[in-house]
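The structure under discussion appears below in the form of structure tokens.
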Ligand SMILES: NC(=O)C1=CN([C@@H]2O[C@H](COP(=O)(O)OP(=O)(O)OC[C@H]3O[C@@H](n4cnc5c(N)ncnc54)[C@H](OP(=O)(O)O)[C@@H]3O)[C@@H](O)[C@H]2O)C=CC1
Ligand SMILES: O=C(O)C1=N[C@H](C(=O)O)C[C@H](O)C1
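Residue numbers (the working numbering): 7 to 258.
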């Protein structure tokens with residue numbers, strides 16, 4: 007039985023992870039870390055901690071869907087206990103990304119701004135389209151619920167990097183506004199919508215003067231992210247220290 011600790015236990019994804027873990031026969035939730043929890047309390051069999059610095063439970067893997075504010079304590083914990091970690095939180099700064107990379111020299115780390123299998127396939131399709139549709143204007147439109155803190159979405163950032171791999175001269179342009187913001191050659195326009203309860207939609211438009219190709223991923227449930235992260239944790243416990251992405255699991 008794979009023992010898991012969830013960071014962000016009281017958040018939307020923490021709750022969904024709890025449900026998805028309960029549905030499996032080979033994983034069990036042993037502890038939760040949540041800013042709103044009091045260390046030493048329990049939710050059924052799950053021991054709760056206010057921060058990873060208080061956590062005295064050991065597990066086979068940590069799954070993090072929370073907030074960049076938890077990163078330092080979580081990295082201290084995984085280094086101290088040599089626990090593999092799936093980091094699915096978005097919105098880290100450069101320094102935090104470096105700290106994640108450094109940690110991966112000591113423990114297996116999977117960092118993915120989108121753990122849904124379908125999105126990772128879409129990223130590959132977008133790369134192919136960017137190769138084939140030479141000269142087409144590229145625009146990304148991402149839509150999320152009104153509770154999301156960061157923009158652009160982590161997934162939009164992954165899509166931008168994928169496009170830049172193929173078209174190194176291209177560059178992202180966020181939310182155009184003003185009198186002199188006409189599209190320039192190589193622009194990857196990025197628009198962020200935050201409204202209602204939209205789970206997660208990403209559309210990538212490739213437009214010429216006479217046609218539009220759209221590659222889209224629309225989520226109907228955030229279970230796709232939770233299930234992907236459980237798959238990632240299972241992969242990490244069999245892997246040596248290193249920095250992994252969903253691509254490594256899906257083997258493309
Ligand atoms: N990689 C992927 O596939 C996916 C990634 N995400 C990412 O996961 C993260 C969580 O998403 P979601 O569950 O929807 O968000 P929620 O806002 O529902 O939950 C975030 C949790 O983080 C905690 N938190 C908020 N601010 C702080 C802080 N300053 N310090 C410490 N903890 C804090 C809160 O804890 P408390 O409630 O205890 O106060 C909250 O429960 C986001 O970064 C999101 O972008 C989301 C879905 C998919
Ligand atoms: O905050 C969310 O909800 C999501 N965040 C991730 C992102 O920033 O791309 C993944 C997914 O889009 C849901």
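Backbone N, C-alpha and C define an ideal beta-carbon position, used for all residues, glycine too.
Note that the coordinates shown come from a computational prediction; the quantities given were computed from them, not determined experimentally.
CB contact flag (residue i, residue j, <7 Å)
i: residue 66; j: residue 9; result: yes
i: residue 162; j: residue 234; result: no
i: residue 116; j: residue 256; result: no
i: residue 218; j: residue 209; result: no
i: residue 45; j: residue 59; result: no
i: residue 92; j: residue 69; result: yes
i: residue 118; j: residue 252; result: yes
i: residue 200; j: residue 240; result: no
i: residue 135; j: residue 212; result: yes
i: residue 214; j: residue 192; result: no
i: residue 11; j: residue 43; result: no
i: residue 207; j: residue 149; result: yes
i: residue 271; j: residue 81; result: Past the edges of the chain, shown from 7 to 258, lies residue 271, and the structure says nothing about it.
Residue i - partner residues in DSSP beta bridges
i: residue 198; result: 148
i: residue 55; result: 39
i: residue 222; result: 209
i: residue 178; result: 194
i: residue 187; result: DSSP, once it has assigned bridges, lists no residue as partnering residue 187.
i: residue 250; result: 116
Interface flag, residue i vs chain D, CB-CB below 7 Å
i: residue 211; result: The chain inventory of the structure shown lacks chain D, comprising one protein chain alone.
Coarse secondary structure for residue i, derived from DSSP in three states
i: residue 172; result: helix
i: residue 243; result: coil
i: residue 29; result: helix
i: residue 67; result: strand
i: residue 139; result: coil
i: residue 215; result: coil
i: residue 21; result: helix
i: residue 123; result: helix
i: residue 75; result: helix
i: residue 257; result: coil
i: residue 111; result: coil
i: residue 15; result: coil
i: residue 49; result: strand
i: residue 9; result: strand
i: residue 160; result: helix
i: residue 93; result: strand
Kindly provide the chain-ordered list of residues whose Cβ lies closer than 6 Å to any non-hydrogen atom of ligand 2. 96, 119, 120, 150, 154, 159, 160, 161 and 206
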